[in-house]
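See structure below.
Below you can see the structure in the form of structure tokens.
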């Protein structure tokens, strides 16, 4: 099942609706990298609220999405990690270092504004 | 009356703890042989003749100790204790040691626990009672000291087996109490308090062990979601010791909270805790630590600040 990617202003929102196969994840990565360039987006929000399991491949893909979109000029925020998922990730040592996280979509958009501003200032 | 007592003590479940084989084992361990049973049979009447005197010796010993007043001042407990002690001696002298016998012993242990009678004190009183019995037996066998001693020894063997059962009953009961209290402490879980929009305070008081730390992580993450918290101040002022396991758990909690988009500020690490963590070589550099709770809340306000209209209105400092 592919992930719908919505455009909201200069932000792309990828809302994951159900458990994803590795192939779906790779497709998401490709699509986001492509759309960030095409739509001149400044930020990406990945919403994982619906996921109750995240494995190492999923976290690695999210990290590479963040790295790739940053190279294309957009910041990534992961939102909606469930408490159980958070505990599991930490126990596995998959802490998504260097990637911004937020409670939910609304919060994520706020964080994204901050991150984008910080980045603009850095330049 | 005896039936009533059995009903009231039903949950104690001596049957579950004590099978017939177990009693056999105890008697064997105590070295109780057929000749001992025969010896007890011979002195049975002697013991029963002075029953009241022997029971009185038990409680006289207790009377001189302030710790025993909890029992002695309760007429209801005393009445039951006297009755059980009496039954106890009768059963000991009777020579039949079966399930009822063990259950009776359990009731006694339970009663003394309820009266908060110390095991050592119980031992002392029990010994006073044995002395009283021994005196009577030796008087009767004054001309045959060796024979008297042999019979008293036989009786004492049973007494020691008996003591083992009562003490085990007291211990089992006490362990049950400790378990219940531990449960109660766990249920007084760590509260997460909302101080203002998006700010939670998590005061941790008392001993942190791995189990409680796990519970804490769980509770905190759920609270973060429920209160939509952005900053959490975790206050460890009330924690006197932290070992490396728990410290690592705290680090994990902080990392998990970050995954949910919340920043955790740790405050109130006492100098002892801080030093022991440094000595243990726990890397706390990834924790945002601030001296006291006040400082932690100020830092939280600073993080949350720009979103607050109150601070936005403040004129910019040029």
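Chains as they are written, first to last, in the numbering used here: chain C, 1 to 123; chain Y, 1001 to 1318. Glycine included, every Cβ here is placed at the ideal spot set by N, Cα and C. Computed from a predicted model, the values in this text were never measured in an experiment.
Option nearest residue 1254/Y by Cα separation, candidates 1270/Y, 1301/Y, 1202/Y, 1149/Y: Here residue 1254/Y corresponds to residue number 254 of the second chain, with the count starting at 1. The shortest Cα separation from residue 1254/Y among 1270/Y, 1301/Y, 1202/Y, 1149/Y belongs to 1202/Y.
Contact the segment 1156-1174 of chain Y vs the segment 1196-1215 of chain Y: 3+ CB pairs below 8 Å: no
Length of the line joining the Cα atoms of residue 1360/Y and residue 12/C: Outside the shown range of chain Y (1001 to 1318) lies residue 1360/Y, about which nothing can therefore be said.
Distance CB(residue 1071/Y)-CB(residue 1115/Y) smaller than 7 Å: To locate residue 1071/Y, count along the second chain from 1; it is residue 71. To locate residue 1115/Y, count along the second chain from 1; it is residue 115. In contact: residue 1071/Y and residue 1115/Y (Cβ atoms closer than 7 Å).
C-alpha gap between residue 1270/Y and residue 1234/Y, whole angstroms: Counting from one through the second chain, the residue named residue 1270/Y turns up at place 270. Counting from one through the second chain, the residue named residue 1234/Y turns up at place 234. Taking the straight line from one Cα to the other gives about 13 Å.
Alpha carbon of residue 1259/Y to alpha carbon of residue 1247/Y, nearest angstrom: As a working mapping, residue 1259/Y is identified with position 259 in the second chain. As a working mapping, residue 1247/Y is identified with position 247 in the second chain. Roughly 19 Å separates the two Cα atoms.
Same chain only: Cβ atoms within 6 Å of residue 1043/Y, ignoring 5 sequence neighbours per side: Against the second chain, residue 1043/Y aligns to sequence position 43. Only 1137, 1151 meet the Cβ criterion.
Close Cβ partners of residue 106/C (< 8 Å) along its chain, the five nearest in sequence each way excluded: Taking the first residue of the first chain as 1, we reach residue 106/C at position 106. Answer for residue 106/C: no residue qualifies.
Continuous beta strand (DSSP E) assignments of at least 3 residues falling wholly in the segment 1208-1274 of chain Y: 1231-1238, 1263-1267
Cross-chain neighbours of residue 86/C in chain Y, by beta carbon under 7 Å: Start at 1 with the first residue of the first chain, and residue 86/C comes out as number 86. Chain Y residues near residue 86/C: 1221, 1256, 1259, 1260.
Cutoff 6 Å; reference residue 61/C; Cβ partners in own chain excluding five residues on either side: Residue mapping note: residue 61/C aligns to position 61 of the first chain, counting from 1. Excluding residues within five positions, the ones whose Cβ falls inside 6 Å are 25, 29.
Chain Y contact for residue 90/C (CB, 7 Å cutoff): Here residue 90/C refers to the residue found at position 90 of the first chain. Yes, residue 90/C lies at the interface with chain Y (some Cβ there is under 7 Å from its Cβ).
Minimum Cβ-Cβ distance from residue 1252/Y to chain C less than 7 Å: As a working mapping, residue 1252/Y is identified with position 252 in the second chain. True, the Cβ-Cβ gap to chain C drops below 7 Å.
Selection of the segment 64-79 of chain C by Cβ proximity to chain Y, strictly under 9 Å: 77, 78, 79
From 1173/Y, 1147/Y, 1105/Y, 1098/Y, residue whose alpha carbon lies closest to that of residue 1087/Y: Position 87 of the second chain, counted from the first residue, corresponds to residue 1087/Y. When only C-alpha atoms are compared, the closest one is 1105/Y.
Own chain partners of residue 27/C with C-beta closer than 7 Å, once the 5 adjacent residues on each side are dropped: Locating residue 27/C in the first chain gives position 27, counting from the first residue. For residue 27/C, where only same-chain residues beyond five positions count, the Cβ hits under 7 Å are 2.
The segment 1201-1215 of chain Y in contact with the segment 1228-1242 of chain Y per 3-pair CB rule at 8 Å: yes
Chain-ordered residues of the segment 1217-1247 of chain Y with a beta carbon less than 9 Å from chain C: 1217, 1218, 1220, 1221, 1222, 1224, 1225, 1228, 1229, 1230
Beta-bridge pairing of residue 43/C - partner residues as DSSP gives them: To locate residue 43/C, count along the first chain from 1; it is residue 43. Residue 43/C pairs with 11/C, 75/C.
Interface flag, residue 103/C vs chain Y, CB-CB below 7 Å: The count along the first chain starts at 1 and reaches residue 103/C at position 103. Judged by the 7 Å Cβ criterion, residue 103/C is in contact with chain Y.
Closer than 7 Å to chain Y by CB, residue 31/C: Walking along the first chain from the start, residue 31/C turns up at place 31. Residue 31/C does not count as touching chain Y.
Same chain, Cβ closer than 7 Å to residue 1061/Y, five either side skipped, listed in chain order: On the second chain, residue 1061/Y is found 61 positions in, with the first residue counted as 1. So the list reads 1124, 1125, 1128, once near-sequence residues are dropped.
Partner residues on chain Y for residue 81/C, Cβ-Cβ distance less than 9 Å: Here residue 81/C corresponds to residue number 81 of the first chain, with the count starting at 1. The answer, in chain order, is 1256, 1259, 1260, 1261.
Buried versus exposed call for residue 1079/Y [16 or more other C-beta atoms within 10 Å across all chains shown]: If you number the second chain from 1, residue 1079/Y lands on position 79. With fewer than 16 other Cβ atoms within 10 Å, it is exposed.
Exposed unless 16 or more other CB atoms sit within 10 angstroms - verdict on residue 82/C: Locating residue 82/C in the first chain gives position 82, counting from the first residue. Flag for residue 82/C reads buried.
contact_flag[the segment 1033-1053 of chain Y, the segment 1093-1112 of chain Y] where n(CB pairs < 8 Å) is 3 or more: yes
The segment 72-92 of chain C contacting the segment 30-42 of chain C, beta-carbon criterion three pairs below 8 Å: yes
Among 1089/Y, 1041/Y, 1186/Y, 1113/Y, the one whose alpha carbon lies nearest that of residue 1170/Y: Here residue 1170/Y refers to the residue found at position 170 of the second chain. Looking at the Cα atoms, 1113/Y is the closest of the given residues.
CB contact check: residue 95/C to chain Y, cutoff 7 Å: Position 95 of the first chain holds residue 95/C. Judged by the 7 Å Cβ criterion, residue 95/C is in contact with chain Y.
Per-residue DSSP class, three states only, for residue 48/C: To locate residue 48/C, count along the first chain from 1; it is residue 48. Three-state DSSP puts residue 48/C in coil, outside helix and strand.
Cβ separation of residue 65/C and residue 32/C, assumed to be a contact under 8 Å, to the nearest whole Å: Stepping through the first chain from its first residue, residue 65/C is reached at position 65. Stepping through the first chain from its first residue, residue 32/C is reached at position 32. That pair is a contact at about 6 Å.
Given 8 Å, three or more beta-carbon pairs between the segment 1269-1283 of chain Y and the segment 1180-1187 of chain Y: no
Per-residue burial, residue 86/C [other beta carbons within 10 Å of its own, 16 or more giving buried]: The residue you call residue 86/C lines up with position 86 of the first chain. Burial call: buried.
Which of helix, strand or coil DSSP assigns to residue 17/C: Taking the first chain and counting its residues from 1, the one referred to as residue 17/C is at position 17. If DSSP states are grouped into helix, strand and coil, residue 17/C belongs with coil.
Exposed unless 16 or more other CB atoms sit within 10 angstroms - verdict on residue 1036/Y: For the purposes of this step, residue 1036/Y is identified with residue 36 of the second chain, where counting begins at 1. It is buried - the Cβ of residue 1036/Y has at least 16 other Cβ atoms within 10 Å.
Alpha carbon of residue 56/C to alpha carbon of residue 46/C, nearest angstrom: As a first step, residue 56/C must be located in the first chain, where it is residue number 56. As a first step, residue 46/C must be located in the first chain, where it is residue number 46. Residue 56/C and residue 46/C: Cα-Cα distance of roughly 16 Å.
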